[in-house]
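So the structure is just underneath, and the comments pick up after that.
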Amino acid sequence: MLFNCICISFSPADKHTKQVRAGSGVLEFRNISHAYGDRLAVENVSLKARAGEVTCLFGPSGCGKTTLLRLAGGLMPVQAGEILLDDELIGGKGRDIAPEKRAVGLVFQEGALFPHLTVAKNVAFGLSGPDKQAKAAELLALVGLAGFEKRYPHTLSGGQQQRVALARALAPEPRVLLFDEPYASLDTQLRRDLREQARRMIRRTGTIGIVVSHDPEEVLEMADSIVVLEEGRLRQSGSPAQIHDQPATEKIAAMFGNGQLLPADYSDGAFRHVFGDWSATCLSGPEPVPGPVSLVVRPDALELVKDANGYPVVDVRLAGVTMTVHVEAPGGEGLRVSVARSAGIEPGERVRPMPVPAGIFAFARSEA
Ligand code: ADP
Ligand code: MG
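Sequential numbering of the sequence shown, starting at 19, is according to our numbering.
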């Protein structure tokens with residue numbers, strides 16, 4: 019698969035303009051709402067994406083990510099709110115600049131490249147002027163495909179095609195690059211390489227990069243700034259460290275860092291649950307009101323103490339330099355704990371999982 023990509027360009031492909039604007043551009047969504055029929059898909063979302071950075075729109079399927087990209091690309095008129103590029107209104111208030119005026123380039127998942135054109139001609143497709151072949155060659159070199167000019171798309175691997183598509187998207191020197199779930203169907207190592215490449219290009223060219231993803235790992239790796247959406251609404255935005263370390267909701271805490279939910283009761287400074295009692299000193303973030311809570315526990319925020327009266331280890335899995343130990347409570351509830359391989363824990367041993375200080379999050383449990 020190749021990525022869906024929309025590019026917006028408001029200025030001529032001119033090196034000088036590019037240098038001047040590098041690092042200064044901002045794409046801003048202001049109070050954007052969007053409905054399909056009577057169904058509200060996006061509700062009052064405001065965010066800013068900056069040049070030279072990757073802004074990730076993150077959230078589960080159906081939360082409105084693609085809708086926001088389509089609005090930014092001018093593929094649908096803005097119903098409510100405004101979209102501005104460097105303080106200039108490009109969508110909203112009845113002023114919706116047409117996609118072709120934005121020099122919008124679209125690359126679909128399937129057939130993103132023209133099969134009957136060489137790699138160089140694919141990249142040069144949207145360019146004009148006598149130096150367009152030279153420019154295509156330059157872009158291909160930038161994405162690590164120097165020498166591939168005369169090849170045809172079907173002779174390339176999926177990842178190479180993806181890089182050609184990235185070069186082509188960059189060719190008209192767009193101000194904004196929009197990626198919709200770009201690497202969803204590629205294998206892990208390839209995805210990692212392509213992410214790094216896209217990131218580097220966005221930085222280097224001072225482009226405003228917006229990447230849609232529902233993969234928390236991808237988002238943590240790629241983003242300079244993360245916008246978490248839930249049911250069309252913005253739930254939290256911030257740097258990857260902020261989202262990971264100070265999650266605003268139980269769901270966000272659980273999605274980033276492989277969090278596990280553990281129902282507990284909080285009273286007298288202790289959390290009581292199926293794996294025993296934990297002191298409130300293990301808590302990160304605000305203290306909950308006493309009563310039922312959901313604890314979010316990440317595998318790397320727990321330690322195992324060997325204890326004959328503890329809980330059985332039912333499985334041990336290798337996870338690179340660490341291993342993941344599965345511990346089971348009497349009722350069958352499981353907890354994954356990440357420990358060093360040198361800890362030497364074996365299935366059948368009994369252990370007590372204990373959180374590291376400030377390692378877990380607690381959120382009030384409303385349903386009762
Ligand atoms: P995401 O990209 O996060 O999966 P979308 O922006 O595609 O979310 O969709 C948001 C919501 O709007 C979903 O409930 C989806 O079913 C609905 N939706 C999206 N496109 C259309 C459409 N063309 N017509 C009707 N409903 C749509
Ligand atoms: Mg989508």
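Just so you know, even glycine gets a beta-carbon here, dropped at the ideal spot from N, CA and C.
Query, Result
"From G43, F76, L45, L313, pick the residue whose C-alpha is nearest to that of G250; which is it?", "F76"
"Below 6 Å CB to CB, which residues in the same chain sit around D242 once its five sequence neighbours on both sides are set aside?", "E71, V72"
"If you count every other CB in all the chains shown that lies within 10 Å of the CB of D149, and 16 or more means buried, which is it?", "exposed"
"I believe P373 touches L320 by the beta-carbon criterion, under 8 Å. Please report the beta-carbon distance rounded to the nearest angstrom.", "6 Å"
"Taking the continuous alpha helix (DSSP H) assigned at E140, which residues delimit it?", "Position check: residue 140 holds Asn in this sequence, whereas Glu was assumed. Residues 137-142."
"For the beta strand (DSSP E) that contains D283, what are its first and last residues?", "278-285"
"Less than 6 Å between C-beta atoms, sequence neighbours within five positions excluded: which residues of the same chain meet that for H291?", "L280, A282"
"For a minimum of 3 consecutive residues, which ranges assigned as the beta strand (DSSP E) are wholly contained in the stretch 32-96?", "44-54, 57-68, 72-76"
"Answer yes or no: do V315 and Q264 have a C-beta to C-beta separation smaller than 7 Å?", "no"
"If I follow the unbroken alpha helix (DSSP H) through L157, where does it start and stop?", "150-160"
"In angstroms, rounded to a whole number, what distance separates the CA positions of G284 and A189?", "Per the sequence presented here, residue 284 reads as Tyr, with Gly not at that position. Spanning the two alpha carbons is a distance of roughly 57 Å."
"Buried or exposed: which applies to Q207, given that a residue is buried once 16 or more other Cβ atoms fall within 10 Å of its Cβ?", "exposed"
"Extract the residue ranges of the beta strand (DSSP E) inside the stretch 210-284, only unbroken runs of 3 or more that lie entirely within it.", "226-231, 243-248, 251-256"
"Quick one: residues in its chain with C-beta nearer than 6 Å to the C-beta of K66, no 5 flanking neighbours on either side, listed in chain order?", "V44, E46"
"Where G41 and R68 are concerned, what is the direct C-alpha to C-alpha distance, given to the nearest angstrom?", "Any answer about G41 is weak, because its pLDDT of 40 lies below 50 and its placement is not dependable; what the coordinates show is given next. Cα to Cα, the separation comes out at about 7 Å."
"I want to check one thing, is the minimum distance from the CB of T84 to the heavy atoms of the ligand MG below 6 Å?", "yes"
"To the nearest angstrom, report how far apart A376 and P306 are at their CA atoms.", "14 Å"
"Ends of the alpha helix (DSSP H) at R186?", "176-188"
"May I ask you to report which of helix, strand or coil DSSP gives P317?", "helix"
"Anyone know if the C-beta pair for A187 and V141 falls short of 7 Å?", "no"
"Give me the Cβ distance between M219 and L160, rounded to the nearest whole Å; I'm assuming they're in contact under 8 Å.", "7 Å"
"So the candidates are I378, E100, Q180; which of them puts its Cα closest to the Cα of L301?", "I378"
"Using only the alpha-carbon positions, how far apart do I228 and V343 sit?", "37 Å"
"Would you call the stretch 84-103 and the stretch 254-274 touching, i.e. three or more CB-CB distances under 8 Å?", "no"
"Can you give me the C-alpha to C-alpha distance between T84 and A154, rounded to a whole angstrom?", "29 Å"
"Which term fits S312, buried or exposed, when burial requires 16 or more other beta carbons within 10 angstroms of its beta carbon?", "buried"
"Between F289 and P371, is the Cβ-Cβ spacing less than 7 Å?", "no"
"Among S356, R193, L174, E351, which has the Cα closest to the Cα of T340?", "S356"
"How many angstroms separate the CA atom of P171 from the CA atom of T225?", "26 Å"
"Expressed to the nearest angstrom, what Euclidean distance is found between the alpha-carbon atoms of V237 and V63?", "19 Å"
"Can you name, in chain order, every residue of its own chain whose Cβ lies under 7 Å from the Cβ of P258, other than the five neighbours on each side?", "L238, A241, I244"
"To the nearest angstrom, report how far apart L204 and V137 are at their CA atoms.", "20 Å"
"Residues bridged to D295 by DSSP?", "R290"
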